[in-house]
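Each residue of the sequence shown is one higher than the one before, counting from 1 in this note's numbering. Beta carbons: idealized from backbone N, C-alpha and C, even for Gly. Bear in mind the structure is a predicted one, so any value in this text is a computation, not a measurement. First the structure, in the form of structure tokens, and then the observations on it.
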Amino acid sequence: MGKKQHGGMRVPSKGECLDLLKRYNGMGNIIRHCIKVAEIALSISTELNRRGENLNLNVVEAAALLHDITKAESFDSGEDHSLTGYRLLRNLGYKRVAEIVREHVFLLKDPDLPWVTEEEVVNYSDKRVRHDQIVTLRERFDDVRARYCRDEGQREWMDRLETLCYRIENKICSKLDIEPEEVTVTQS
Ligand SMILES: [Fe+2]
1 MGKKQHGGMR VPSKGECLDL LKRYNGMGNI IRHCIKVAEI ALSISTELNR
51 RGENLNLNVV EAAALLHDIT KAESFDSGED HSLTGYRLLR NLGYKRVAEI
101 VREHVFLLKD PDLPWVTEEE VVNYSDKRVR HDQIVTLRER FDDVRARYCR
151 DEGQREWMDR LETLCYRIEN KICSKLDIEP EEVTVTQS
């Protein structure tokens, strides 16, 4: 079925990811968001690999494309879409992609590792895209706070998430030797 193998890993191709998004999600605005996040994640990963990192580009692109695959249904169900996305993709046999989707909202592993992980790239790229526009972390978090934070507990949780995301940004941008504002989509 044209599934790419990476050391025994099953990774859906870009076309398969887009088909999955249409089948399980169907919302055009979410799909456009996912496509932009994937462009950023792929650009960042390509540049990081040029500087000695060892990111699997196919895995990064697939996870970025699929990170919000269960977002639309979560509006009704109220479920955690990183967890439901993880379960769906794991059940489809895409274990590694599923693991990355699970951490796209809140990173489970500490970003203090000396290398950059695929989880960190996808998590960070998602935070740099509001709808389908590249924005700063500040702008993205202001928007998310306005849309989702209803009480003090949610605001505190969002503060923790934002702090974590700035740590990822510092690591990625210092490795790329760029300012956060210079993050862009590059042709590879
Ligand atoms: Fe998401």
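Beta-carbon proximity list for residue i, same chain, < 7 Å, skipping 5 on both sides
i    : result
V101 : A63, L66, H67, S82, G85, Y86, L89
M1   : Because M1 carries a pLDDT of 42, less than 50, the predicted location of this residue cannot be relied on, and the following value inherits that uncertainty. For M1, where only same-chain residues beyond five positions count, there are no Cβ hits under 7 Å.
G93  : R10
S174 : none
Any non-hydrogen atom of ligand 1 closer than 7 Å to residue i Cβ
i    : result
V129 : no
K36  : no
D80  : no
D126 : yes
V144 : no
V122 : no
K71  : yes
V105 : yes
D68  : yes
Terminal residues of the alpha helix (DSSP H) in which residue i lies
i    : result
V27  : A small correction: the amino acid at residue 27 is Met; Val does not occupy that position in the sequence shown. From DSSP, M27 is part of no alpha helix (DSSP H); its letter is neither H nor E.
V183 : Looking at the DSSP string, V183 is not in any alpha helix (DSSP H), and its letter there is neither H nor E.
K71  : 71-77
Spatially closest choice to residue i from the options, by CA coordinates
i    : options              : result
F106 : D80, T46, D151       : D80
E120 : M9, I35, S45         : S45
G52  : R150, E152, T117     : T117
V122 : D143, I172, W157     : I172
E16  : V59, R150, A41, N29  : V59
F75  : L18, I30, L176, S125 : I30
E61  : G26, V97, S77, G28   : V97
S125 : P180, G26, G8        : P180
Contact set for residue i: own chain, Cβ-Cβ below 6 Å, skip 5 residues either direction
i    : result
N49  : L55
L57  : S45
Q133 : none
Y148 : none
Bounding residues of the beta strand (DSSP E) (the contiguous stretch that carries residue i)
i   : result
R10 : 9-11
Below-8 Å beta-carbon distance, residue i vs any chain C residue
i   : result
Y24 : Going by chain labels, chain C is absent from the structure shown, which holds only one protein chain.
Sequence-distant residues of its chain with Cβ nearer than 8 Å to residue i (five each side left out)
i    : result
T186 : S43, T46, E47
Subject >> Three or more C-beta pairs below 8 Å linking the stretch 161-172 and the stretch 11-23 >> reply: Segments in contact, no.
**OP:** Please determine if the stretch 70-82 and the stretch 135-144 are in contact, where contact requires at least 3 C-beta pairs separated by less than 8 Å.
**Re:** No, they do not touch.
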